[in-house]
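Working notes, structure below.
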Amino acid sequence: MLRSVELKTFVPARDFALSMDFYQAMGFRRGWSDEQMAYFNHGDHCAFLLQNFYVKEQAENFVMHLLVEEVDAWWQQIQAARLDERFGTRLIAPQDQPWGMREFMVFDPSGVLWRIGQNID
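The opening residue of the sequence shown carries number 1246 in my numbering; numbering runs sequentially from there.
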């Protein structure tokens, strides 16, 4: 039987340096980077590649979903980092969703939407 190891996405960045700073402020660790790409992770099961590539229509229709424990603690960390003030981004406070999840939203500097949530059912 075939087994998968990991799935990573390539997240677009309009301003590559600004986006790298944003994701580090958000709590991700930058493992390595060059002029075109940067590897970010949080723990053992969450990683993505930030790419120095931007198409407005793609970035503004790109959604990441991060499932976490203690979503309200994550929200407090995001607020404490002042991402909206420092990076000109938008935050939407946690809400309980009808599909059994409590989640909040963060837009990155390129318009990529992050939905960060916790199962509540």
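Note that CB positions come from ideal geometry on N, CA and C, so glycine has one too.
Keep in mind the model is a prediction, meaning the values are calculated, not measured.
Check for me: the beta strand (DSSP E) holding residue i runs from which residue to which?
| i | result |
| --- | --- |
| SER1278 | 1274-1278 |
| PHE1255 | 1255-1257 |
| PHE1293 | 1292-1296 |
| ILE1365 | First-last for ILE1365: undefined, no H or E at that position. |
| PHE1194 | The structure shown has nothing for residue 1194, since the chain only spans 1246 to 1366. |
Starting from residue i, trace the alpha helix (DSSP H) in both directions and tell me its first and last residue.
| i | result |
| --- | --- |
| MET1350 | No alpha helix (DSSP H) contains MET1350, which is instead part of the beta strand (DSSP E) from 1346-1352. |
| LEU1263 | 1261-1271 |
| GLN1303 | 1301-1304 |
Quick one, which of the options has its alpha-carbon nearest residue i's?
| i | options | result |
| --- | --- | --- |
| ILE1365 | VAL1300, GLN1340 and VAL1357 | GLN1340 |
| PHE1255 | GLN1324, PHE1285 and ASP1329 | PHE1285 |
| ALA1318 | GLU1251, HIS1310 and ALA1338 | ALA1338 |
| GLU1251 | LEU1336, MET1346, PHE1293 and GLY1333 | PHE1293 |
| GLY1345 | PRO1354, GLY1362 and GLU1314 | GLY1362 |
| GLN1269 | ARG1335, MET1350, LEU1328 and GLY1333 | LEU1328 |
| ALA1325 | MET1271, SER1249 and ARG1259 | MET1271 |
| ARG1259 | LEU1358, GLY1288, ILE1323 and TYR1299 | TYR1299 |
| MET1282 | GLU1314, GLY1288, ARG1274 and LEU1295 | LEU1295 |
| ASN1253 | HIS1287, GLU1315, PRO1343 and ARG1335 | The amino acid occupying residue 1253 in the given sequence is Lys; Asn does not appear at that position. Minimum Cα distance to LYS1253 is reached at HIS1287. |
To the nearest whole angstrom, what separates the beta carbons of residue i and residue j, a pair I think is in contact under 8 angstroms?
| i | j | result |
| --- | --- | --- |
| GLU1348 | ARG1360 | 5 angstroms |
| SER1264 | ASP1353 | 6 angstroms |
| PRO1257 | VAL1357 | 7 angstroms |
| PHE1261 | ASN1297 | 4 angstroms |
Can you tell me whether residue i sits near the ligand PLP, meaning its C-beta is under 8 angstroms from at least one heavy atom of the ligand?
| i | result |
| --- | --- |
| ASP1266 | With respect to the ligand PLP, the structure offers nothing, as it holds no ligand at all. |
query: Of all the beta strand (DSSP E) runs that stay within the bounds of the segment 1310-1336, which reach a length of 3 or more residues?
result: none
task: Report yes or no: do the segment 1276-1285 and the segment 1310-1326 share at least 3 C-beta pairs separated by less than 8 angstroms?
output: no
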